[in-house]
């Protein structure tokens, strides 16, 4: 009887040990799986879709890709050739951010559409230039000279201010320069006529087809057309231009860490140097100071 009792105790102890070991093995497996999941989560990258004009914005973003990947951010660049769709797509959620416009343009778009769009910071300035094939000196501008300008209203004040800086016209002192329109010209000694009916994308074509005209062309379109803004423009904005190109986002995403990192990388010394070396002063980095 004692032998039987002892045998039962031994079997009971062995059974408990087996159950304990099974639990430990299961816990160990669960711990390993949790560790693998944690490692996988920590290695996941953030994916951003950025809308940009092809030149120079998309080129700058391409240069920034490796730096962003080091920060765990992968970007897909969608290029645009117009100034309307990038903000429409940003508002709709098709884009996470866009990089093509200056502050007055964004503000005008928001005022016109009611979009909830804001900007994080400025990246660079693209000085507006005035070009002509046949006019090579400001003193050669004749009475009644035609100036072909963009139909984009936010650019009008910018262009008119540039002509005022050259002493060719005078604007109403009571009007903010960035909001000035053709109707705000109060002095025009050469009777210059401004033709604001052209899509910005077509301005380089107007430069080619109207050799006697003056054409105000945005730098990105001028570069696309093979023009060198510093060498080919009759006159051009200086580095003090207020028209800083920005990273625009939806209002709800303004403080998003990945978008903040995007701006930090674009303002980095490496990207600033790329801009200076690539565009030779036709595009001027702002380094986060605006």
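In mature numbering (1 follows the signal peptide of the UniProt record, and there is no 0), the protein residues as written are -22 to -1, 1 to 268. Ideal Cβ placement from N, Cα and C applies to all residues, glycine included. The structure presented is a predicted model; accordingly, all values stated were derived computationally and were not measured.
Which residues does DSSP pair with residue 263 in a beta bridge?
102
Using C-beta distances below 6 Å, list every residue in its chain close to residue 79, excluding the 5 sequence neighbours before and after it, in chain order.
none
Indicate whether residue 39 and residue 244 have their beta-carbon atoms separated by less than 9 Å.
yes
Which whole-angstrom value is the C-beta distance of residue 214 and residue 92, which I expect to be below 8 Å?
Actually they are not in contact, since the Cβ atoms of residue 214 and residue 92 sit about 34 Å apart, beyond 8 Å.
Please report the Cβ distance between residue 147 and residue 166, rounded to the nearest whole angstrom; I am assuming they are in contact, meaning their Cβ atoms lie under 8 Å.
Correct: roughly 5 Å between the Cβ atoms.
Would you please state the rounded distance, in angstroms, between the beta carbons of residue 192 and residue 131? I believe it to be under 8 Å.
About 19 Å separates the CB atoms of residue 192 and residue 131; that is not less than 8 Å, and the two are not in contact.
Check whether the Cβ of residue 240 lies closer than 9 Å to any Cβ atom in chain C.
Note that chain C does not occur in the displayed structure, where there is just one protein chain.
Taking just the CA atoms, how far does residue 253 sit from residue 185?
26 Å
Measuring alpha carbon to alpha carbon, tell me which of 120, 169, 188 and 52 ends up nearest residue 110.
188
Leaving out five residues before and five after residue 53 in sequence, what residues of the same chain have Cβ atoms less than 7 Å from its Cβ?
26, 28, 39, 43 and 46
Can you list, in chain order, the residues of its chain whose CB lies under 7 Å from that of residue 104, leaving out five sequence neighbours each side?
Around residue 104: 196, 197, 198, 223 and 261.
Can you tell which of 36, 23 and 60 has its C-alpha closest to the C-alpha of residue 48?
23
With DSSP collapsed to three states, give me the class of residue 42.
helix
Rounded C-beta distance between residue 96 and residue 227? I'm assuming under 8 Å.
6 Å
Give me the Cβ distance between residue 176 and residue 139, rounded to the nearest whole Å; I'm assuming they're in contact under 8 Å.
Not confirmed; about 19 Å, so no contact.
What are the start and end residues of the beta strand (DSSP E) that includes residue 171?
171 to 176
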